[in-house]
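Here this note's numbering is used: the first residue of the sequence shown is 1, the next is one more, and so on.
Ideal Cβ placement from N, Cα and C applies to all residues, glycine included.
Fair warning: this is a prediction, and the values are worked out from it, not measured in the lab.
Structure first, then comments.
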Amino acid sequence: MSEQEQQSPTTGPVQHLRPAGLYDNSAYTNVVVVTGPAKTIYIGAQGALDETGQIVGKGDIAAQTEQAMHNVQVALSAAGASLEHVIKVNVYIAQGQPILPGFAAFQRIWGNRPNPPANTVLFVSEMVPADFLVMIEAVAVVPI
């Protein structure tokens with residue numbers, strides 16, 4: 001089993017596991033284990049709404065992914081966290097949309113941070129509002 005342990009500057013280990021017997025892909029982590037005192041943050045699905053409630057990037061999954069990730073970052077910041085604390089994302093993509101432009105936008109924002117989160121990517125038949133092409137929810141853990 002391959003294992004990467006990330007120590008927070010404060011306290012508490014977060015382990016990113018790549019167990020033998022599971023496909024090892026550098027784009028995500030299969031298992032994340034948090035031990036010790038921590039604050040867990042759950043961010044509901046974020047779509048491509050700007051702060052005024054307007055949809056950003058109608059018809060453009062890359063632009064919508066960038067806005068959704070921006071919204072995730074705003075939510076993380078409000079909770080005292082950042083992308084480095086994200087351990088799990090769920091990405092919902094409207095059926096028929098190309099995945100690669102959205103994935104590329106996500107990767108640009110994630111950057112070269114170590115330990116990508118565990119993830120689930122799903123195609124869904126419809127979103128609310130219907131102009132949404134992608135929604136992203138996240139779980140973050142901040143050692144305390």
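- Query: Using the C-alpha atoms, what's the distance from V34 back to P13?
  - Reply: The straight-line gap from Cα to Cα measures roughly 6 Å.
- Taking only the alpha-carbon atoms, compute the straight-line gap between N29 and Q67 and give it to the nearest angstrom. Before going further, note that residue 29 is Thr rather than Asn in the sequence given. Taking the straight line from one Cα to the other gives about 24 Å.
- Can you grab the Cα-Cα spacing for the pair P19 / N25, in whole Å? Distance from the CA of P19 to the CA of N25, rounded to the nearest whole angstrom, comes to 11 Å.
- Task: Classify V89 as buried or exposed, calling it buried when 16 or more other Cβ atoms lie within 10 Å of its own Cβ.
- Result: Residue burial is scored here from C-beta neighbours: V89 has at least 16 other C-beta atoms within 10 angstroms and is therefore classed as buried.
- Task: Find out if the Cβ-Cβ distance for the pair I41, V134 is shorter than 8 Å.
- Result: no
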